[in-house]
Structures are given as C-alpha cells and as structure tokens.
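Just below is one structure, and these are the notes that go with it.
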Amino acid sequence: RLFVNYVGIKVARNDHLVELYSPDLISAQQEFLTVMRSNPNERTRKAAHDKLALLGLTEAQILQLKKSAEPSDRLTIYSPMSGIVIDRHVREGEYIQTGSKIYTIADLSQVWLQLSAYESDLQWIRYGQNVDFETEAFPGKIFEGTIVFIDPMLNPRTRTVQVRVNVQNDEGLLKPDMLARAVVKSTLASGGLVMDKNLAGKWISPMHPEIIKNKPGTCDVCGMKLVRAEELGLVSTTDTSKAPLVIPTSAPLITGKRAVVYLADPTEIGTFYGREIELGPRAGDFFVVKSGLNAGDQVVVNGAFKLDSDLQIKARPSMMSMTSKAMPESHDHSNMGHSAEKMTAPDAFQKQLGHLADLYFEIHTALSKDEANNAKTAATAFAENLKTVDMTLLSSESAHAKWMALHEQLKRSAGNLTEAADIAAARTAFEPLSDALTDAFRIFGVQTDQPVIRFFCPMAFDDKGAFWLQNREGVENPYFGSGMYRCGEQTEILK
Numbered sequence: 001r002l003f004v005n006y007v008g009i010k011v012a013r014n015d016h017l018v019e020l021y022s023p024d025l026i027s028a029q030q031e032f033l034t035v036m037r038s039n040p041n042e043r044t045r046k047a048a049h050d051k052l053a054l055l056g057l058t059e060a061q062i063l064q065l066k067k068s069a070e071p072s073d074r075l076t077i078y079s080p081m082s083g084i085v086i087d088r089h090v091r092e093g094e095y096i097q098t099g100s101k102i103y104t105i106a107d108l109s110q111v112w113l114q115l116s117a118y119e120s121d122l123q124w125i126r127y128g129q130n131v132d133f134e135t136e137a138f139p140g141k142i143f144e145g146t147i148v149f150i151d152p153m154l155n156p157r158t159r160t161v162q163v164r165v166n167v168q169n170d171e172g173l174l175k176p177d178m179l180a181r182a183v184v185k186s187t188l189a190s191g192g193l194v195m196d197k198n199l200a201g202k203w204i205s206p207m208h209p210e211i212i213k214n215k216p217g218t219c220d221v222c223g224m225k226l227v228r229a230e231e232l233g234l235v236s237t238t239d240t241s242k243a244p245l246v247i248p249t250s251a252p253l254i255t256g257k258r259a260v261v262y263l264a265d266p267t268e269i270g271t272f273y274g275r276e277i278e279l280g281p282r283a284g285d286f287f288v289v290k291s292g293l294n295a296g297d298q299v300v301v302n303g304a305f306k307l308d309s310d311l312q313i314k315a316r317p318s319m320m321s322m323t324s325k326a327m328p329e330s331h332d333h334s335n336m337g338h339s340a341e342k343m344t345a346p347d348a349f350q351k352q353l354g355h356l357a358d359l360y361f362e363i364h365t366a367l368s369k370d371e372a373n374n375a376k377t378a379a380t381a382f383a384e385n386l387k388t389v390d391m392t393l394l395s396s397e398s399a400h401a402k403w404m405a406l407h408e409q410l411k412r413s414a415g416n417l418t419e420a421a422d423i424a425a426a427r428t429a430f431e432p433l434s435d436a437l438t439d440a441f442r443i444f445g446v447q448t449d450q451p452v453i454r455f456f457c458p459m460a461f462d463d464k465g466a467f468w469l470q471n472r473e474g475v476e477n478p479y480f481g482s483g484m485y486r487c488g489e490q491t492e493i494l495k
C-alpha cells in the first residue's frame, strides 16, 4: 500500500510512506520474540534486534512488538528525511525484492547550480566566489550562490569547464533542470585577483565555503578544520591597493596576436605615434595592459583606425607594416583631412562591393561549419570578383588611394585563404579579410539584398578577439566552428 501515490508531494521526517507485506518480516519477528523469551545472551538478543532494524523497523516499532508479543505481517516504512518526493519507482500491489527502490526523496532547500565556463573565463573564477544568476522562470530576480567546485578537467568538445555552485533555496523557487545564466564579478588588482577583500583574515571551510568565521575552528556542516582565506586563493597575497592599468576596448587595433595603440605626442600638439603593446584579459569594456603603456600616457580611444589608415596610404609605419614594438615615426594629424572618412561612391561601385559581400558570406558560412575546402573555393571566387571592381567609378584621388590600400589588403587576405594548408590557416587569413571589407563598406557604402551585421568573438586567437560579418542575426562563429559555434556577440549593423 502506497500512502504517497504521486510525485511532487512534500513529506516530513517520520511521515509514513508505504506499507509492505513480507513473509521474511513475519519470520524475523517470530525469531525476535523467541529470543527475547528464551535466550538470555545479550549478543543474541542484539543480533535479533539488529535484524529487524535492517528490515526497516524503527525503534518505536520494535518496542511495540516487544510489548505486544504479536508479530505483524505488515511493515510500515517511514520517511528518513524531510523533502520532496521526486520519483516513485513502484506501483501499489507490485512485488519488490530486498534493495528495491520505492521512492526518491530530495531536500530542495539547498540545490546545486551547474555552470559551464569558457576557458577564457577561468582566470576570473575562484573557489568560494559569490555568483549572481537569473533563471528563465523568474526574469529579473537575482539569486545568489557560492562556488564550491571547479572541475579540473576541460571538456575538449565544448571547450568549457563545469563549475558547481551551492544555492540556498528556502523559498523553493528553484527547480531541478531549470536553465540559468550566471555572472561572476571579480575585483582585479595589479598583484592578482581579489575575490573579496572582506575575506582577508577570515577562516573558511574548504568543503563548504559558505561557512566563514573570524577565528580558527571547525565547519558547522562537516566538521573539517577551517583554513585561512589566503590559503584557498580567495584573497590576493600581493598588493591589492594599486589598480591595474586598463584601456577602453575601442583603443587598440588588434590584428592576430598583435595590438597597436596610438599615443599623443606630449611635445607637439596634434601629433600621434603608434606603439605595440601586450594586452591581458578583457574585463567588460576594458582591456588590461600587461606591458607597453604607463599610467598617464594619452591614448587615442576613438579614431585610431583613421590615423592608421592614413599612414598606410602614405606608406609609413602602421599596424600592418610594423615590425618592432614601437613605431617611433610620429605623424601630424592636427589638420587631418577626410582620407579615412566616409566617401561618396556611385551606386555601381556599391553594387560591386555587394557582390563581394555575397561571396564573403559564403566563406563565413563554410568556416562556421568547419568546411575548409568550401571556404577556399569561395575565397577563390572572391579574389576573381575583386578584379572586376572598377576603381575608375570613384571620382576623387583620395577615394582612389583609399580603395587601392583596401584592395591590396583584400587581395592578399583572399590569396592567403585560398592557399591555406588547413582550416586554422584559413581562419587566420579570414580575420584581415573581414576587417578590410568592413572598412570598405563603412567608407564607400554597400548595396546588397542581404543584411550586413558585425560580430565579435573575445576568445579568438588566444583571447585577443576578432570581428567578422554575417548576413543574418544569431552568432555563427567562423573562428571556432562547431567547437564554439555560438561564442560571440553582435556589435554593429552596417546595413
């Protein structure tokens, strides 16, 4: 007989759950009563008592049997804990064997949140950090939890690591298998990551990091000895008073593994010079600078590409031609014209760029699907079509010069893609192709029946990040393909 006959009911400890008929139970009870009446040996009595306990009788039921001296052919099983019945494994009247499952009961007042973190996120994640997350079921409501486990193994297919979070669920709002999106906020100092400055000098349980005390002791949950937060890596052991050096994400010009910024010349107003720097991780709208800049340097935040484009046209050191860590030759832009501004182009020229866009989208689709041969075929068609773009349609010399610089970069990138030995090389060539085509669309405009949308992947090329164009919404990452197909974000709609 099942007293709990449906899944989802809430039960308390010692609530009756099921009544069983068991011939073995009758035999064990009779054996117990016989021993109690005729055998004074304490060990024998205890063995008979323990046999009943193993069959599921509670201490109260055994005492009642001892008083009544009448065996029962029915056994009532009581709940060993409070919680919710999340599964029922048998039907009423069904025959069961020793060890058969009847119910599964779970205490949902505390739940685990299982998160997948990209490998580029691991530098920000530490054991014991607080996590804020939202669920699809309760949009706008922020839940909190604590990171208690970070899987030491990386999933090679998804390039993610599993992170487990302990969450208090007293209201019962969180259900098993709900979808959630979480955010971890880390404070970055020059000496290292500081998970929480307030944890300095605190003692924490290694097994249950939500247990925090001001002095040594033991965990209230498992009894383990508490350890200092510094030993668990929750607080930086280096200087945390000095903030890291950061620059806006719009400042550096990134090509492959290199990053270039333009700085204002302090000795001459309106003059700028380029410098190659080493970037650290991206933190929101900023990049951490590992080397190459000092506090107080004046960096061009908006318009760096215009400076670089003008230098390329004049065959002077620029992002594409730099071979050293710095470009000492400065460049006067105090009276800079509109060489990198949007230029007037006739409809016929814009339509020719539209044909290039159509072929570019074929390359993108092939790379996003890991189809190297199709990408190379489309790149060959792109290079052939590039030859048909009529520069004489442009009326001004500045427009001619600008298109010649872009044409050379498009030609070189398409050629590298066509001759790529493998898909990794093809993806490397695809980035400058994307950047040059984006510049062409911005400067001259483009006419095509398809949308032109720009996307960014922060993890491409060892976390340096890379842009690309698509003809539809929804991330289709060409730099990782099926490995991380949806990694990235939409940044701009060009058309």
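Mapping the sequence shown onto the working numbering, position 297 (from 1) lands on 297, and the numbers just tick up by one. Just so you know, even glycine gets a beta-carbon here, dropped at the ideal spot from N, CA and C.
- Beta-carbon contacts of residue 376 that lie in its chain and below 7 angstroms, excluding the five residues immediately before and after: Within the same chain, residue 376 has close Cβ partners 417, 418, 420 and 426.
- Closest Cα partner of residue 102 within the set 93, 95, 111 and 88: The option with the nearest alpha carbon to residue 102 is 88.
- Heavy atom of the ligand ADP within 8 angstroms of residue 399 beta-carbon: The ligand ADP is not part of the structure shown, which contains no ligands of any sort.
- Item | Host alpha helix (DSSP H) of residue 428 (start-end) | Note, residue 428: alpha helix (DSSP H), 423 to 444.
- Item | Backbone CA spacing between residue 340 and residue 290 [nearest angstrom] | Its pLDDT being 43, under 50, residue 340 is placed unreliably in this model, and the coordinates cannot settle the point.
- C-alpha gap between residue 28 and residue 52, whole angstroms: One C-alpha to the other measures close to 7 angstroms.
- Query: What is the DSSP secondary structure of residue 420, counted as helix, strand or coil?
  - Reply: Looking at residue 420 - three-state DSSP - the assignment turns out to be coil, as it is neither helix nor strand.
- Message: Along the chain, where does the alpha helix (DSSP H) containing residue 372 start, and where does it finish?
- Response: Taken as a continuous stretch (DSSP letters only), the alpha helix (DSSP H) holding residue 372 covers 372 to 386.
- For residue 178 versus residue 144, is the C-beta spacing smaller than 9 angstroms? Contact: no.
- Message: Whole angstroms are fine: how far does the CA of residue 210 sit from the CA of residue 184?
- Response: If you draw a straight line from the Cα of residue 184 to the Cα of residue 210, it comes to about 16 angstroms.
- Message: Rounded to the nearest angstrom, what separates residue 78 and residue 147 at their Cα positions?
- Response: If you take the alpha carbons of residue 78 and residue 147, they lie about 35 angstroms apart.
- Task: For the alpha helix (DSSP H) containing residue 362, list its first residue and its last residue.
- Result: Here the alpha helix (DSSP H) through residue 362 covers 347 to 368.
- Compute the beta-carbon to beta-carbon distance between residue 255 and residue 286, rounded to the nearest angstrom, for a pair I have assumed lies under 8 angstroms. Not quite, the Cβ-Cβ distance comes to about 20 angstroms (not below 8 angstroms), so this is no contact.
- Message: Give me the residue from 182, 110 and 73 with the minimum Cα distance to residue 116.
- Response: Put simply, of 182, 110 and 73 the residue whose alpha carbon is nearest the alpha carbon of residue 116 is 182.
- Could you work out which residue in 484, 453 and 482 is closest to residue 469 when comparing CA atoms only? Closest option to residue 469, Cα to Cα, is 453.
- Residues sharing a beta bridge with residue 291, DSSP: Per DSSP, 278.
- Strand pairing of residue 248, partner residues [DSSP]: The partner list for residue 248 (beta bridge, DSSP) reads 286.
- For the alpha helix (DSSP H) holding residue 59, just list the boundary residues, first then last. From DSSP, the alpha helix (DSSP H) with residue 59 extends over 59 to 68.
- Item | residue 476 versus 394, 368 and 450, residue with shortest Cα-Cα distance | The shortest Cα separation from residue 476 among 394, 368 and 450 belongs to 368.
- Would you kindly work out how many angstroms separate the C-alpha atoms of residue 459 and residue 302, rounded to a whole number? Straight through space, the alpha carbons of residue 302 and residue 459 are spaced by roughly 23 angstroms.
- Task: Give every residue of the same chain whose Cβ lies closer than 7 angstroms to the Cβ of residue 173, excluding the five residues on either side of it in the sequence, and list them in chain order.
- Result: Sequence-distant Cβ neighbours of residue 173 in its own chain, meaning closer than 7 angstroms and more than five residues away, are 138.
- Query: In angstroms, rounded to a whole number, what distance separates the CA positions of residue 436 and residue 244?
  - Reply: Taking the straight line from one Cα to the other gives about 33 angstroms.
- Query: From which residue to which residue does the beta strand (DSSP E) around residue 17 run?
  - Reply: Segment 16 to 21, the beta strand (DSSP E) holding residue 17.
- Message: Using the Cβ count rule (16 or more neighbours within 10 Å means buried), how would you classify residue 409?
- Response: By the neighbour-count criterion, in which a residue is buried when 16 or more other Cβ atoms sit within 10 angstroms of its Cβ, residue 409 is buried.
- Item | residue 145 (DSSP reduced to helix, strand or coil) | Strand at residue 145.
- Residues of its chain near residue 385, where Cβ-Cβ distance is below 7 angstroms and the 5 sequence neighbours each way are ignored: The answer, listed in chain order, is 355, 356 and 359.
- Message: I need the boundaries of the alpha helix (DSSP H) containing residue 53, first residue and last residue.
- Response: For residue 53, the enclosing alpha helix (DSSP H) covers residues 42 to 54.
- Message: Let's see if you can read the secondary structure: which residues bound the alpha helix (DSSP H) around residue 461?
- Response: Taken as a continuous stretch (DSSP letters only), the alpha helix (DSSP H) holding residue 461 covers 460 to 463.
- Message: In the DSSP assignment, the beta strand (DSSP E) including residue 83 goes from what residue to what residue?
- Response: From DSSP, the beta strand (DSSP E) with residue 83 extends over 83 to 88.
- Task: Mind reading off the beta-carbon distance from residue 350 to residue 446? Whole number of angstroms is fine, and I expect it under 8 angstroms.
- Result: Correct: roughly 6 angstroms between the Cβ atoms.
- Item | Anticipated Cβ contact below 8 angstroms, residue 165 with residue 131, distance rounded | Contact holds; Cβ gap of about 5 angstroms.
- Entirely enclosed beta strand (DSSP E) segments - the region 108 to 182, minimum 3 residues: List check, beta strand (DSSP E) in window: 110 to 118, 130 to 135, 143 to 150 and 160 to 168.
- Taking buried to mean at least 16 other C-beta atoms within 10 Å of its own C-beta, is residue 391 buried or exposed? Here residue 391 is exposed. Its C-beta has fewer than 16 other C-beta atoms within 10 Å.
- For the beta strand (DSSP E) holding residue 78, just list the boundary residues, first then last. Per DSSP, residue 78 belongs to the beta strand (DSSP E) from 74 to 78.
- Message: Rounding to the nearest angstrom, what Cα-Cα distance links residue 499 and residue 371 in this structure?
- Response: Because the chain spans 1 through 495 in this model, residue 499 falls outside it and cannot be assessed.
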